[in-house]
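These notes concern the structure reproduced below.
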Amino acid sequence: MSIDSVKPLSFLWKWLLFCFLSLPVTTVEASSTADHSQFEVLQQEFSDVEDINAACVSCHNQAESQIHATIHWQWTYPLERDDTRKTVNKLLGKLNVINGYHPNVASNISACGSCHIGYGLSKKITDTIPKAAVDCLACHDTTGEYFYSRFHQDGVECSMCHDDNGEANKDRVEKEGGRYTLSLTQMAQKVGETSVSSCGSCHFYDGGADGAKHGDLDSALIHADFEMDVHMSPDGAGLKCSDCHHSNQHALAGSRYKAMSPVDNKPVSALEGSRATCVSCHGDHPMKDEKLNDHTDVVACQTCHIPHYARNGISVKTSWDWSTAGELNRKRRPIAKHDEQGNVEYSSAKGTMTYGENLQPTYQWYDGILDYQTVGALVNPDGVTPLNASHTQRDGVAKVFPFHVFESKLPFDTQSNQLLPMHLSSSSRNAFWNGYDWDKSLKAGARAVGMDFSGDFDFTDVETVRALNHTVAPVEQALQCVDCHSVDGLLNDVPDLYVPGSRPHAWLDRMGLLVLLATLAGVLLHGLVRIIFALSRK
């Protein structure tokens, strides 16, 4: 074969590959190759969820060791990075960071352990969670009932999931009637792939209520319509969580501590599949208009295609003031107050909260890594302390990204200016949810993490941000040119970003007008001269 004949074939293969990758993405629901109801090991009456795990690993004998190495088990994430921004070498993850919701795990390990995918955690855990039995049904239940059975069986504090001790959910449970009727045996025999429901059983409710923390993750996604999310709706791509967050030995693609989405510039790969980024499926030039594609060097896809959030009829928390917690009624019993939508405005256990729906994102530079603070972080008592700050300037890597900004008031040591861990839940009277005594709670929290506490405390303003990646709207609802390229443009507050049309200059406008008028006058004068010479020749 000659060299001349190879080139056309090479072009043909590239053209065919391009056509293949350009086909619309569809998903086909794969049928399982196994019917678990027929396995002999599952033909028994299970009385305890731990017995189900033993049955699972008798066949899936590598699953537990794989899980033990993942962030879902360890709740830790070692982050190392050295660049022009700063040197980062931190041990992050749920076990270590502090946030503005349920602020810390280490001093509430017994209660937080109820949400762990094992069967409880030791009170002495500080940096590593030891290997133990894994709760397989937490992710692989397909009935939708196991979550309820597991968490209510474990006796977790109601306030961890329900801001008002569950009172607001009574009507819903009564309407659903006999929903929670399956036995553990029936659940075990119906295991299967993960689903939006099984993933959401933890990730939708992790801020104390449905959709409370993220703004783009709530139970409405289980049966999403096209207007709500074009990816997860059956009228759209019909994707599940695992279609983007695919698993390799139980380690899932995607991370909040080192997100690939803003910096991913790799091409679409038929072999790798999704990297939990937009470009891993759509490429970095997904639009027909090349001028729009030019924006992707600086602006993330999410910025235009998630124009609003918390738009599923479920509210997201916008602020949380822990300093007001502890108010009791005349009988010294905790109270709860609700707004018209049924959201808890005040709870004795948690303080004052505000909510919002259909909110405009806040736009900031983001390179996938936030500067997370850990227990004992220093605060600015006279200002707002960011708990996970994003980029503040353009550096050639970061992109403009949409965020949900959440404000809180948390306790700090007025002598050392350090954030204090709160001891909220345990059998001890020192736990705030037992005695409603901040002094005892903060002393117990400091002891739990080995931190010095002067005994003097106050509350300070802090801020937590959440990158928005879900609830992608239909293309007709995406931001339009005028939304940014105008005097009141959405990106006007982003530093080091020039958006044409957003910052008019009076003298520049006058000069432009003069140039326009001079050009028009020149054209008219030129035309007049031509007419005069034409008449003179006649």
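Using the numbering used here, the first residue of the sequence shown is number 1198, and each one after it goes up by one. From the three backbone atoms N, C-alpha and C, an ideal C-beta is built for every residue, glycine too. If you're wondering where the values come from, they're calculated on a predicted model, not measured in any experiment.
Item to complete: Determine the burial state of Gly1408: buried for a count of at least 16 other Cβ atoms within 10 Å of its Cβ, exposed for fewer.
Response: Within the sequence shown, numbered from 1, the residue matching residue 1408 stands at position 211. With 16 or more other Cβ atoms within 10 Å, it is buried.
Fill in: Segment contact, 8 Å Cβ cut-off, at least three pairs: the segment 1658-1674 with the segment 1580-1590
Proximity of the segment 1658-1674 to the segment 1580-1590 meets the contact definition, three or more beta-carbon pairs being nearer than 8 Å.
Discussion item. Within a Cβ cutoff of 8 Å, which residues of the same chain sit near Ser1699, ignoring the five residues on either side of it in sequence?
Written reply: Walking along the sequence shown from the start, residue 1699 turns up at place 502. Closer than 8 Å at Cβ, skipping near neighbours: Cys1681, His1682, Ser1683, Val1684, Gly1686, Leu1688, Asn1689.
Worksheet item: How is Met1550 classed by DSSP in three states: helix, strand or coil?
Response: Indexing the sequence shown from 1 puts residue 1550 at position 353. Strand, per DSSP.
Worksheet item: Do the segment 1296-1316 and the segment 1618-1628 meet, that is, are 3 or more Cβ pairs less than 8 Å apart?
Response: Short answer: they touch.
Discussion item. Tell me the DSSP secondary structure of Lys1640 in three-state form.
Written reply: Against the sequence shown, residue 1640 aligns to sequence position 443. Looking at Lys1640 - three-state DSSP - the assignment turns out to be helix.
Fill in: DSSP state of Gln1263 mapped onto helix, strand, coil
Within the sequence shown, residue 1263 is the residue found at index 66, counting from 1. Look at Gln1263 here: in three-state DSSP terms it is helix.
Fill in: Residues that Thr1521 bridges to, as DSSP identifies them
Counting from 1 along the sequence shown, the entry for residue 1521 is found at position 324. Paired residues: none, contrary to the question.
Fill in: Per-residue DSSP class, three states only, for Phe1243
Stepping through the sequence shown from its first residue, residue 1243 is reached at position 46. Here DSSP, grouped into helix, strand and coil, assigns Phe1243 to coil.
Fill in: Outcome for Ser1625 when other beta-carbon atoms lying within 10 angstroms are tallied against a minimum of 16
Numbered from its first residue, the sequence shown carries residue 1625 at position 428. Label assigned to Ser1625: exposed.
Practice prompt. Between the Cα of Gly1510 and those of Gly1317, Lys1637, Val1476, Tyr1552, spot the shortest distance and give me the residue it belongs to.
Written response: The count along the sequence shown starts at 1 and reaches residue 1510 at position 313. Here the closest residue by C-alpha is Tyr1552.
Fill in: Residue from Gln1263, Ala1574, Tyr1454 with nearest C-alpha to Leu1567
Counting from 1 along the sequence shown, the entry for residue 1567 is found at position 370. Checking every option, the nearest Cα to that of Leu1567 belongs to Tyr1454.
Worksheet item: Between which two residues does the beta strand (DSSP E) containing Lys1534 stretch?
Response: Here residue 1534 is taken as the residue at index 337 of the sequence shown, counted from 1. Per DSSP, Lys1534 belongs to the beta strand (DSSP E) from 1533-1535.
Item to complete: Assign Ala1507 to buried or exposed, taking buried as 16 or more other Cβ atoms, counted over all protein chains shown, within 10 Å of its Cβ.
Response: Position 310 of the sequence shown, counted from the first residue, corresponds to residue 1507. Buried is the call here.
Worksheet item: Does the distance from the CB of Ile1157 to the CB of Ala1385 come in under 9 Å?
Response: Examination of residue 1157 is not possible in this model, given that the chain is present from 1198 through 1735 alone.
Worksheet item: Based on the DSSP output, what are the partners of Tyr1506 in its beta bridges?
Response: Within the sequence shown, numbered from 1, the residue matching residue 1506 stands at position 309. Bridge partners of Tyr1506 according to DSSP: Leu1556.
Worksheet item: To which residues does DSSP link Ser1544 through a beta bridge?
Response: Counted from its first residue, the sequence shown places residue 1544 at position 347. Per DSSP, Ala1533, Gly1548.
Practice prompt. Throw me the rounded Cβ distance for the Phe1603 and Leu1665 pair, which I believe falls under 8 Å.
Written response: Position 406 of the sequence shown holds residue 1603. Position 468 of the sequence shown holds residue 1665. Not confirmed; about 12 Å, so no contact.
Fill in: Leu1334 burial status per 10 Å Cβ neighbour count (16 or more: buried)
Start at 1 with the first residue of the sequence shown, and residue 1334 comes out as number 137. Under a 10 Å Cβ-count criterion, Leu1334 is classified as buried, with 16 or more other Cβ atoms of the shown protein chains found around its own Cβ.
Discussion item. Any heavy atom of the ligand ZN closer than 8 Å to the beta-carbon of Arg1529?
Written reply: Summarising the ligand content, the structure contains no ligands, and the ligand ZN is consequently not present.
Practice prompt. Give the straight-line distance between the Cα atoms of Thr1391 and Tyr1695, rounded to the nearest whole angstrom.
Written response: Stepping through the sequence shown from its first residue, residue 1391 is reached at position 194. Stepping through the sequence shown from its first residue, residue 1695 is reached at position 498. A straight-line Cα-Cα distance of about 44 Å links Thr1391 and Tyr1695.
Discussion item. Suppose you measure from the CA of Arg1472 to the CA of Met1708; what does that come to, to the nearest Å?
Written reply: Position 275 of the sequence shown, counting from 1, holds the residue named residue 1472. Position 511 of the sequence shown, counting from 1, holds the residue named residue 1708. Each residue's alpha carbon lies about 49 Å from the other.
Worksheet item: Just how far apart, CA to CA, sit Ser1512 and Met1550?
Response: Position 315 of the sequence shown, counting from 1, holds the residue named residue 1512. Position 353 of the sequence shown, counting from 1, holds the residue named residue 1550. Distance from the CA atom of Ser1512 to the CA atom of Met1550, rounded to whole angstroms, is 12 Å.
Discussion item. Can you tell me whether Tyr1345 is buried or exposed? The criterion is at least 16 other CB atoms within 10 Å of its CB, across all chains shown.
Written reply: Position 148 of the sequence shown, counted from the start, is the residue given in the question as residue 1345. Per the 10 Å Cβ criterion, exposed.
Worksheet item: Can you give the Cα-Cα distance for Ser1613 and Ser1544, rounded to whole angstroms?
Response: Here residue 1613 corresponds to residue number 416 of the sequence shown, with the count starting at 1. Here residue 1544 corresponds to residue number 347 of the sequence shown, with the count starting at 1. Taking the straight line joining both Cα atoms gives about 29 Å.
Fill in: Straight-line gap, Ala1421 to Gln1615 (C-alpha atoms, nearest Å)
The residue labelled residue 1421 in the question sits at position 224 within the sequence shown. The residue labelled residue 1615 in the question sits at position 418 within the sequence shown. The straight-line gap separating the alpha-carbon atoms of Ala1421 and Gln1615 is approximately 43 Å.
Worksheet item: What is the C-beta distance between Glu1261 and Val1331, in whole angstroms, given that I count them as a contact (C-beta under 8 Å)?
Response: To locate residue 1261, count along the sequence shown from 1; it is residue 64. To locate residue 1331, count along the sequence shown from 1; it is residue 134. About 5 Å separates the two Cβ atoms, so the contact holds.
Item to complete: Run the CB neighbour count on Ser1244, radius 10 Å, all protein chains shown included, and call it buried at 16 or more, exposed below.
Response: Taking the sequence shown and counting its residues from 1, one reaches residue 1244 at position 47. Classification of Ser1244: exposed, given that the 10 Å Cβ count is below 16.
Worksheet item: DSSP beta-bridge partners for Tyr1563?
Response: Counting from 1 along the sequence shown, the entry for residue 1563 is found at position 366. The partner list for Tyr1563 (beta bridge, DSSP) reads Lys1596.
Worksheet item: Quick one: what's Thr1716 bridged to in DSSP?
Response: To locate residue 1716, count along the sequence shown from 1; it is residue 519. Assignment of beta-bridge partners to Thr1716 by DSSP yields no partner.
Discussion item. With distance defined between alpha-carbon atoms, name the residue in Tyr1316, Ala1641, Leu1607 nearest to Pro1578.
Written reply: Your numbering for residue 1578 matches position 381 in the sequence shown. Nearest in C-alpha terms to Pro1578, of all of Tyr1316, Ala1641, Leu1607, is Leu1607.
Item to complete: Report the option in Asp1461, Ala1595, Met1484 whose CA atom is closest to the CA atom of Pro1692.
Response: The residue labelled residue 1692 in the question sits at position 495 within the sequence shown. It is Ala1595.
Practice prompt. Would you identify the three-state DSSP class for Phe1629, choosing helix, strand or coil?
Written response: Translated into positions along the sequence shown, residue 1629 becomes position 432. DSSP places Phe1629 in helix when its eight states are reduced to three.
Discussion item. Here's the rule I'm using: 16 or more other beta-carbon atoms within 10 Å means buried, otherwise exposed. How should Gly1642 be labelled?
Written reply: What you label residue 1642 is simply residue 445 of the sequence shown in a count that begins at 1. Classification for Gly1642: buried.
Discussion item. Am I right that His1442 and Gly1433 are in contact with their C-beta atoms under 8 Å? What's the rounded C-beta distance?
Written reply: One-based indexing of the sequence shown puts residue 1442 at position 245. One-based indexing of the sequence shown puts residue 1433 at position 236. Between His1442 and Gly1433 the beta-carbon gap is near 18 Å, outside 8 Å, which marks them as no contact.
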